[in-house]
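For reference, the structure is listed below as structure tokens.
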Amino acid sequence: MKLVIFDLDGVIVSTDELHYQAWKRIAEQETIPFDRNINNRLRGVSRKESLEIILSYSPKQYTKNQKEVLMEQKNAYYVSSLKDLTSQDILPGVTEVLKELKQRKIKVSIASSSKNARLILKQIGLLDVFDSIVDGNMITHSKPHPEVFQQAAQALKVPCENALVVEDARSGIDGALKANMLAIGIGDAARYDKCHFKILALNELIPILEKISVKQCSRHSLKKGEL
């Protein structure tokens, strides 16, 4: 294994509630029903696609310009809430796992649909830790399309079959599989049967890596959970 690719929200830091509150403000000002069940449909997808999902609950037809305004408003609400993020918001096990991967000479990357990924990483003090960062500003297709993961591997010249993805969203797991990468589910994704491995906490990643050799990374020879 030469590369571990992490999703950002829900894996490195939790900003789900901040996204929810920002979208909730948009929905309320447009008198559109919005709850946490609807919010769950937004996990791992782009801002544009998220807005389309929310607007599908409204009888009103929106122009392209109106949609652009709503997306800008949502992002403004969200970015404003990011100013309070600190290193204390890094999820348990992240710092230790990143340190261990560095010691093992395994490259680490962020693959996120968020266009604010670099801002978030800067706020929590991890911007310079990752060998590559691919975010929503660099891709044309959001998850479950494999583009974000493929770019992360290409940036570091690592074959996709030698990369592993840690994701908390099912769309991310699907994208990793389409990229021919091993997929580890955490959080909500740990309940997804398509994962190669499922973990409850990030510190469970290291024992899994210890079982994986470069030869075993080939999807042609590796079956889900056989290690």
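Be aware that the sequence shown starts at 134, since it is given in my numbering, and climbs by one per residue. We treat Cβ as the ideally placed atom computed from N, Cα and C, and that holds for glycine. Since this is a predicted model, take the numbers as computed values, not measurements.
When the beta-carbon positions are compared, V144 and S275 stay at least 7 Å from each other. Counting the other CB atoms within 10 Å of its CB gives R176 a total of 16 or more, which places it among the buried residues.
Taking the Cα of G308 as reference, the smallest distance to any Cα among D140, K135, M134, E343 is reached at D140.
In this structure, K135 lies near V291, with their beta-carbon atoms less than 7 Å apart.
Taking C-beta atoms under 8 Å as the contact rule, M204 and R169 fail to qualify, at a distance of about 21 Å.
According to the DSSP assignment, A285 belongs to no beta strand (DSSP E) but to the alpha helix (DSSP H) extending over 280 to 288.
The criterion of a C-beta distance shorter than 7 Å is not satisfied by P166 and Y195. When A209, L234, L310 are compared, the shortest CA-CA separation from N336 is found for L234. According to the DSSP secondary-structure assignment, L315 is paired through a beta bridge with L297.
Counting along the chain, I332 sits inside no alpha helix (DSSP H); it lies in the beta strand (DSSP E) bounded by residues 330 to 332. In the DSSP annotation of this structure, the continuous segment of the beta strand (DSSP E) that includes A244 starts and ends at 240 to 244. For D142, the secondary structure class from DSSP, reduced to helix, strand or coil, is strand.
Rounded to the nearest angstrom, the Cβ distance from L215 to L252 is 6 Å, consistent with a contact under 8 Å.
Per DSSP, S275 is not a residue of any beta strand (DSSP E), being assigned neither H nor E. Where I186 is concerned, the enclosing alpha helix (DSSP H) starts and stops at 180 to 188. Straight through space, the alpha carbons of S220 and S147 are spaced by roughly 12 Å. By the C-beta density criterion, Q283 is buried, having at least 16 other C-beta atoms within 10 angstroms. Classified as buried, Q256 has 16 or more neighbouring CB atoms from the shown chains inside 10 Å of its CB.
Given a length threshold of 4 residues, each whole run of the alpha helix (DSSP H) inside the region 161 to 231 is given here in chain order: 169 to 173, 180 to 188, 197 to 215.
When only Cα atoms are considered, A323 and I317 end up about 8 Å apart.
Residue nearest to E294 within the set S304, A302, P279 is P279 (criterion: CA-CA distance).
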